[in-house]
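Numbering (our numbering), first residue to last: 255 to 863.
The C-beta atom is built at its ideal place from N, Cα and C for all residues, glycine as well.
Keep in mind that this is a model prediction, so the values were computed, not measured.
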Amino acid sequence: MSLILRNVLTSILFVIFIVLPYQVKAQDFKSAYKAEYFLSTNQGRITASVKFAALLTNLRSDIYVKKFSIIFPMSFEIKNIKAYDDKGAINPSVTTEGSKINIQLEFNDPNIGKTSVNTFNLEFDQENLFKVNGNVWEVILPVIDDKTSDNYQVIVHLPLNEEKKVSISKPKPDEIKGNTITWNNPKVKTIYAVFGDKQYYQTKLSYHLRNPKIIPAYADIAFPPDTLYQKIFINNIVPAPSYTYIDEDGNFKARYLLKPKENLNILFDGVIEVLSQPRSELQPLTREKFQNQKIYLLTQKSFWELPTSSNIKVGKSPKEVYDFVVDNLKYYYEGLSKKDLKRLGAAQALVTPEKAVCVEFTDLFIAIAREKGLYSREIQGYGFSNDQKLRPLSLIADVLHSWPEYYNDRTGLWVPIDPTWENTSGIDYFSSFDLNHIAFAIHGKNPDSPAPAGSYKLADTKDVSIVAVSSRPDEQTNVGTNQINLPSQITDKGEYETKITVVNNSNVFLYDLPVEFISDNLVLSPDMTTIASFAPYEKKEIILKYKSLNKNKKTKANLSVSVMKNNVFTGTIVILPYYYQWGIYIGYGVIGISALILFFKLILRKRPF
Numbered sequence: 255m256s257l258i259l260r261n262v263l264t265s266i267l268f269v270i271f272i273v274l275p276y277q278v279k280a281q282d283f284k285s286a287y288k289a290e291y292f293l294s295t296n297q298g299r300i301t302a303s304v305k306f307a308a309l310l311t312n313l314r315s316d317i318y319v320k321k322f323s324i325i326f327p328m329s330f331e332i333k334n335i336k337a338y339d340d341k342g343a344i345n346p347s348v349t350t351e352g353s354k355i356n357i358q359l360e361f362n363d364p365n366i367g368k369t370s371v372n373t374f375n376l377e378f379d380q381e382n383l384f385k386v387n388g389n390v391w392e393v394i395l396p397v398i399d400d401k402t403s404d405n406y407q408v409i410v411h412l413p414l415n416e417e418k419k420v421s422i423s424k425p426k427p428d429e430i431k432g433n434t435i436t437w438n439n440p441k442v443k444t445i446y447a448v449f450g451d452k453q454y455y456q457t458k459l460s461y462h463l464r465n466p467k468i469i470p471a472y473a474d475i476a477f478p479p480d481t482l483y484q485k486i487f488i489n490n491i492v493p494a495p496s497y498t499y500i501d502e503d504g505n506f507k508a509r510y511l512l513k514p515k516e517n518l519n520i521l522f523d524g525v526i527e528v529l530s531q532p533r534s535e536l537q538p539l540t541r542e543k544f545q546n547q548k549i550y551l552l553t554q555k556s557f558w559e560l561p562t563s564s565n566i567k568v569g570k571s572p573k574e575v576y577d578f579v580v581d582n583l584k585y586y587y588e589g590l591s592k593k594d595l596k597r598l599g600a601a602q603a604l605v606t607p608e609k610a611v612c613v614e615f616t617d618l619f620i621a622i623a624r625e626k627g628l629y630s631r632e633i634q635g636y637g638f639s640n641d642q643k644l645r646p647l648s649l650i651a652d653v654l655h656s657w658p659e660y661y662n663d664r665t666g667l668w669v670p671i672d673p674t675w676e677n678t679s680g681i682d683y684f685s686s687f688d689l690n691h692i693a694f695a696i697h698g699k700n701p702d703s704p705a706p707a708g709s710y711k712l713a714d715t716k717d718v719s720i721v722a723v724s725s726r727p728d729e730q731t732n733v734g735t736n737q738i739n740l741p742s743q744i745t746d747k748g749e750y751e752t753k754i755t756v757v758n759n760s761n762v763f764l765y766d767l768p769v770e771f772i773s774d775n776l777v778l779s780p781d782m783t784t785i786a787s788f789a790p791y792e793k794k795e796i797i798l799k800y801k802s803l804n805k806n807k808k809t810k811a812n813l814s815v816s817v818m819k820n821n822v823f824t825g826t827i828v829i830l831p832y833y834y835q836w837g838i839y840i841g842y843g844v845i846g847i848s849a850l851i852l853f854f855k856l857i858l859r860k861r862p863f
């Protein structure tokens, strides 16, 4: 991690001075700390009343601590500073030094002597530590970097009337009791926590297509997909696609027909729900699809290839590959402003590790993982970030983001990870994820197809708008059928088939959708089927075969199509005994022969002899 980021993340630093002519050394004392955050909400904002306590124990009789300094970054909006020690109030000296706030405390009358103890307390209010992002709270808590401390607690007290629970925490808290969350002796540089298990993003995406040909042409684009960790709610798509489908990787593809020389602008308007835990309804389907995907998920492709001469010393587990990438690449911040930044790929990233942005972190992970026999793929999308230093975005098109996923054979699920953001922030993005990653495109088979939203450009326009919101639309389930052409009548001996086209007019993806065919006088095959996954605007064709249940009897048959126990179509067919049809044929034959006989008679009468 760069020095700049260390200054940002190590938010509380301790600089200790004494009245003696040399600096106190770590072995001269031991320390214990407690940092408590008491939260309150007011008009959509969160204020933290912070209480910081330090207990210092002298380990020598001839040295004691006289002054204590705490350094905060300027970005910390702290106010109402109060301090006191065992002897009473302390008047803190607050100064600014460049990008830092220095609070210096001097003990009133420190206790001296070996094993003597001095305690001081610092209190202040802070308004920008906990961020309200849509439906969740998010916080990055600084951790004290003091090697002398053998007892350190960080405690968060949620408002008593608040129902939000911690859904993501790095590291995991040692105790959650009511609305109090405690971390004991954290070993990380920062504590990252999210309160609320779902986040909602109002999403507007623009796509710009051009058909340069003099004949009509089809064009496919990728809308945000439904995944294990996100659910799509569609408000509107203008214009509506000709049809949609889900490709091998699980991408939500839409096809449009463009006229000759036509430019077409498409707007996707929806809400994306991002979840902290994998969706249970998608887990069986994920495992089933993986069996077809695994044939290409170990393939070394362009950008995911390693040089033949590479001798990378890394273990075979996903964590070892991840750590290698985090430790050996350096984020190229200057690349954020370069519009002509080229994707290097895994091989070149090893040559110029200081020029890596998110795609290089992802490409290198996938290349090494696949070489080690680990199934992996790339996700391109959007990283919701308020700090471009801590969590940068670096795909050029509308400043998107990229991260890898690996397949966990034990759970049978895809696991998202982010080596880029761990490299830049120091936050663990391997053992757990967050609610800030929104998938636009899944790349398992090809590293550059399909293109994510934000990449379909004809000019330099902003085509991605993502805003965190506090609610999502209701699910509106609506499944219908296209016109079904049933024959008006059939015979009791014949076998027939009809194409049934089922259409998803819902605003969400549907899964394990039961489609039932019901009739009183027909034998149906199938009488029921299940659509495993069904995208909005998608059409599924089902071939229904049927024949008469009763023989030698003229009757009627009703045929109904039911989806999720709701009737979507009803039709009627007349069933005739097969000899009715023979009778009709014979009747037509008699009429035909009679007409011929009459025709020849007329001709013979008119012919002269």
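Restricting to Cα atoms, I'd like to know which of the options is closest to residue i.
i      : options                           : result
Pro243 : Asp339, Arg726, Arg464 and Lys570 : In the structure displayed, the chain extends from 255 to 863; residue 243 sits before or after that span and is not available.
Asp474 : His462, Lys419, Asp480 and Lys485 : His462
Ile692 : Glu574, Asn375, Lys458 and Ser591 : Lys458
Ile488 : Asp523, Tyr291 and Tyr660         : Asp523
Asn296 : Phe687, Glu416 and Ala307         : Glu416
Val442 : Phe449, Ile435 and Pro427         : Pro427
Leu293 : Val817, Asp682 and Leu412         : Leu412
Phe615 : Ser323, Ala600, Lys855 and Lys807 : Ala600
Ser347 : Gln358, Lys341 and Ala789         : Gln358
Phe823 : Ile829, Thr809, Leu740 and Ser779 : Leu740
Asn821 : Ile827, Ser773 and Pro790         : Ser773
Ile491 : Asn761, Thr809 and Ile847         : Asn761
Ile486 : Val817, Gly846, Thr826 and Glu729 : Glu729
Excluding five sequence neighbours on each side, which residues of the same chain lie with their C-beta closer than 8 Å to the C-beta of residue i?
i      : result
Thr606 : Leu598
Tyr276 : Bear in mind that the predicted position of Tyr276 carries a pLDDT of just 39, short of 50, making it unreliable; the figure below should be weighed with that in mind. Cβ within range, chain order: n/a, list empty.
Gly589 : Leu595, Lys609, Val611 and Ser648
Ile622 : Leu560, Ile566, Val568, Val575, Phe578, Val579 and Ala600
Using the C-alpha atoms, what's the distance from residue j back to residue i?
i      : j      : result
Lys711 : Lys793 : 28 Å
Lys431 : Leu518 : 56 Å
Tyr750 : Ile744 : 8 Å
Asp617 : Leu482 : 22 Å
Ile633 : Gln737 : 39 Å
Leu776 : Asp501 : 36 Å
Thr665 : Arg541 : 9 Å
Asp766 : Thr731 : 14 Å
Ile857 : Ile851 : 10 Å
Lys418 : Ser303 : 19 Å
Tyr629 : His697 : 12 Å
Lys807 : Leu551 : 58 Å
Pro478 : Arg299 : 30 Å
Leu667 : Gln537 : 7 Å
Lys329 : Gln484 : The question names Lys, yet the displayed sequence has Ser at residue 329. One C-alpha to the other measures close to 32 Å.
Val386 : Val448 : 10 Å
Ala471 : Tyr497 : 14 Å
Thr434 : Ser315 : 39 Å
Pro706 : Lys507 : 11 Å
Glu392 : Glu516 : 45 Å
Ile270 : Ile325 : Any reading at Ile270 needs caution, since the residue's pLDDT is 28, under 50, leaving its predicted position unreliable; the model's value is listed next. Roughly 11 Å separates the two Cα atoms.
Phe779 : Phe694 : It is Ser, not Phe, that sits at residue 779 in the sequence shown. One C-alpha to the other measures close to 39 Å.
Ser370 : Asp363 : 12 Å
Ile520 : Ile785 : 28 Å
In the DSSP output, which residue or residues are listed as bridge partners for residue i?
i      : result
Met782 : Glu770
Tyr446 : Ile394 and Lys424
Trp675 : For Trp675, which the question treats as bridged, DSSP gives no partner whatsoever.
Val371 : Thr311
Glu527 : Tyr454 and Lys485
Arg464 : Asn517
Which same chain residues end up closer than 6 Å to residue i when comparing Cβ atoms and leaving out the 5 residues on each side of it in sequence?
i      : result
Tyr454 : Gly388, Asn389, Val525, Glu527, Val723 and Arg726
Lys747 : Tyr832
Asp451 : Ser421 and Ser530
Glu360 : Lys321
Asn405 : Ala286
For chain D, check one thing: does any of its Cβ atoms lie closer than 8 Å to the Cβ of residue i?
i      : result
Lys807 : Absent from the structure is chain D; it holds one protein chain and no more.
For residue i, collect the residues of the same chain with a Cβ closer than 7 Å to its Cβ; drop the 5 residues on either side in sequence, then sort them by chain order.
i      : result
Ala610 : Leu583, Lys584, Tyr585, Tyr586 and Ala603
Gln456 : Val525, Val721 and Val723
Lys283 : Inspection of the sequence shows that residue 283 is occupied by Phe rather than by Lys. Around Phe283: Leu310, Thr311, Asn312, Leu313, Val319 and Thr402.
If you pair each beta-carbon of the stretch 784-800 with each one of the stretch 753-765, do three or more pairs fall below 8 Å? By the Cβ rule, the stretch 784-800 counts as touching the stretch 753-765, because three or more pairs are nearer than 8 Å.
Counting pairs of beta carbons, one from the stretch 677-694 and one from the stretch 571-587, are three or more of them closer than 8 Å? In this structure the stretch 677-694 touches the stretch 571-587; the number of beta carbon pairs closer than 8 Å is three or more.
Pair every Cβ in the stretch 327-338 with every Cβ in the stretch 371-387, then say whether three or more of these pairs are closer than 8 Å. Segment contact: the stretch 327-338 against the stretch 371-387, three or more CB-CB distances shorter than 8 Å; contact assigned.
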